[in-house]
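**Q**
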Amino acid sequence: MKQYLPAWSQGWLGTIVPIAQALLIVAAAWLLQQLVRRLVRRLMDRRGLPPEMGMALHRVSAGLIGFGALLLVLERLGVSGTVLWTAFTSFAAVGAVAFFAAWSVLSNIFCTVLIFTTRPFRLYDYIEVVENGEKPGLKGRVVDVNLIYTTLQEVARDPDHAGSSLQVPNSMFFQRVVRRWRGSEVPAAWLAPPTVEGGSK
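Just so you know, we're using my numbering here: the sequence shown kicks off at 5 and counts up by one.
#1: Which residue marks the beginning of the alpha helix (DSSP H) containing G58, and which one marks its end?
#2: Please classify T86 as buried or exposed, where buried requires at least 16 neighbouring CB atoms within 10 angstroms.
#3: To which residues does DSSP link V87 through a beta bridge?
#4: Between A73 and Q38, what straight-line distance do the alpha-carbon atoms span, to the nearest angstrom?
#5: Does the beta carbon of D148 fall short of 7 Å from some heavy atom of the ligand MG?
#6: Have a look at P124 and R145 and give me their C-alpha separation to the nearest angstrom.
#7: How should L156 be labelled, buried or exposed, when 16 other C-beta atoms within 10 angstroms of its C-beta is the threshold for buried?
#8: For Q157, write down the residues that DSSP places opposite it in a beta bridge.
#9: Note the first and the last residue of the continuous beta strand (DSSP E) segment covering E132.
#10: Under 8 Å Cβ to Cβ from E56, same chain only, skipping five residues before and after it: list those, please.
#11: If I113 sits next to L151, beta carbons under 8 Å apart, how far is it from one beta carbon to the other, in whole angstroms?
#12: Please name the residue, chosen from M48, R41, A102, that lies closest to I69 on a Cα-to-Cα basis.
#13: For T90, count the other beta carbons within 10 Å of its own beta carbon; 16 or more makes it buried, fewer makes it exposed. Which is it?
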């Protein structure tokens with residue numbers, strides 16, 4: 005088919021065709037990601053998949069699809085597969101060394117797996133992380149759980165002032181006592197005005 009085109013247009017095909025193929029790969033990756041998102045949402049709604057696990061599946065699938073699309077795009081743009089594989093293995097080796105060197109990060113990732121499996125709390129629960137059973141500590145509503153941190157939305161006593169967010173390392177939940185309140189209502193003790201110790205003279 006190429007030989008039937010005018011001579012001036014044949015030079016452009018070497019540029020236009022790879023770019024068009026790269027755009028098609030990006031579009032296919034986006035559609036696949038949307039399909040996976042709907043599948044995960046259906047599993048959460050109909051099969052009772054925990055929201056934390058659904059979020060983890062969505063993030064892992066998005067990363068894998070994006071990485072695969074990037075490799076395909078680079079290959080269509082003329083980057084050699086051998087070069088890509090060599091670069092990938094080199095980065096993987098360096099990443100593995102850095103990963104195992106960061107023991108705190110590894111500990112948080114392992115604790116994330118424990119949070120998803122043992123379920124000490126769930127999304128939108130109200131929790132408090134304390135040193136012991138009496139001393140107050142970090143508290144708030146669980147709004148997100150990722151591989152490193154659990155995000156707590158603090159509850160303000162004054163309804164006109166929204167609370168800030170706390171990012172708590174996941175390993176802390178297995179080193180401290182955790183109080184948990186289920187349901188959508190804020191614990192009454194959090195909204196009570198603070199008491200003055202010792203009383204008034």
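By construction, the Cβ of each residue, glycine as well, lies at the ideal position given by its N, Cα and C atoms.
**A** Result, derived from the coordinates:
#1: 55-80
#2: exposed
#3: Bridge partners of V87: none, in fact.
#4: 14 Å
#5: As presented, the structure is devoid of all ligands, the ligand MG included, so that no description of it is given.
#6: 14 Å
#7: buried
#8: R145, S169
#9: 130-134
#10: I119, F120, R126, L127, V149
#11: 5 Å
#12: R41
#13: exposed
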